[in-house]
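These notes are about the structure you will find just below.
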Amino acid sequence: MMGVWRGHSSLLVSDYIVSRHSCRFTPFQLIKMTVISHGRTLAALGRPLIRDRIEAWKHGPVIPVLYHELKIWGSERVYALHYCGTILDENESRASERRVFFDSVLPADERSIIDGVVEEYGNWSFGDLRRLCHEPGSPWDTHYDGKLGTEIPDPTIQAYYTREMIP
Numbered sequence: 484m485m486g487v488w489r490g491h492s493s494l495l496v497s498d499y500i501v502s503r504h505s506c507r508f509t510p511f512q513l514i515k516m517t518v519i520s521h522g523r524t525l526a527a528l529g530r531p532l533i534r535d536r537i538e539a540w541k542h543g544p545v546i547p548v549l550y551h552e553l554k555i556w557g558s559e560r561v562y563a564l565h566y567c568g569t570i571l572d573e574n575e576s577r578a579s580e581r582r583v584f585f586d587s588v589l590p591a592d593e594r595s596i597i598d599g600v601v602e603e604y605g606n607w608s609f610g611d612l613r614r615l616c617h618e619p620g621s622p623w624d625t626h627y628d629g630k631l632g633t634e635i636p637d638p639t640i641q642a643y644y645t646r647e648m649i650p
């Protein structure tokens, strides 16, 4: 008997973004784009993209497991993969191996959502992403209480992104 789908590791989604989009993002950007991708997946597909807990922290929604894995990069761009088992190299000799890996574990509809989020927000600055995540009525806004550890539940995220998708 199969269990209920709970989503991927946020590290996998972050690795996909780093690998597919030329290592150009900081941990902050990767976390925010993973959260947004998760929200859009919940709204568009009715299922979670990631299984990891999302919390309301001072600078917006954070995925603690992803934050703790990526914090070694500080505010620099992330140049290593933390989950998928392949390495990034200068001549991209393993690019096709990574593509096969990601194609096998991330369905095309999820990759499409993630790529759309990166296309839309990939050039946004720290301040721009912070403001976006702090908008009135956002999941962060409705759950931030000044304390670490306050979870933002998936139903809240799904409802917000469903409203955002309505033209």
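Quick note, the sequence shown lines up with residues 484 to 650 if you use the numbering used here.
Just so you know, even glycine gets a beta-carbon here, dropped at the ideal spot from N, CA and C.
For residue i, which residues of its own chain have a beta-carbon under 8 angstroms away from its beta-carbon, when the five flanking residues on both sides are left out?
i, result
"residue 628", "539"
"residue 513", "497, 500, 501, 549, 553 and 561"
"residue 494", "548, 549, 552, 565 and 566"
"residue 618", "624"
"residue 620", "643"
So which of the options has the shortest CA-CA distance to residue i?
i, options, result
"residue 521", "541, 591, 588 and 491", "491"
"residue 507", "592, 559, 636 and 615", "559"
"residue 541", "646, 631, 641 and 582", "631"
"residue 545", "649, 647 and 640", "640"
"residue 555", "610, 647 and 511", "511"
Would you check if the distance between the CB atom of residue i and the CB atom of residue j is smaller than 8 angstroms?
i, j, result
"residue 536", "residue 488", "no"
"residue 455", "residue 526", "The question about residue 455 has no answer here: the residues shown for the chain are numbered 484 through 650."
"residue 613", "residue 543", "yes"
"residue 635", "residue 524", "no"
"residue 600", "residue 504", "no"
"residue 517", "residue 533", "yes"
Excluding five sequence neighbours on each side, which residues of the same chain lie with their C-beta closer than 6 angstroms to the C-beta of residue i?
i, result
"residue 607", "none"
"residue 585", "499"
If I measure Cβ to Cβ from residue i and keep anything under 7 angstroms in the same chain, skipping five residues before and after, which residues do I get?
i, result
"residue 616", "515, 543, 544 and 623"
"residue 637", "525 and 531"
"residue 592", "528"
- Item | Segments of 3+ residues assigned as beta strand (DSSP E) that fall wholly inside the stretch 510 to 595 | Segments of the beta strand (DSSP E) lying fully in the stretch 510 to 595: 538 to 540 and 543 to 545.
- Task: Run through the stretch 591 to 624 for me and flag every whole alpha helix (DSSP H) of 4 or more residues, listed as ranges in chain order.
- Result: 591 to 604 and 609 to 616, all fully within the stretch 591 to 624.
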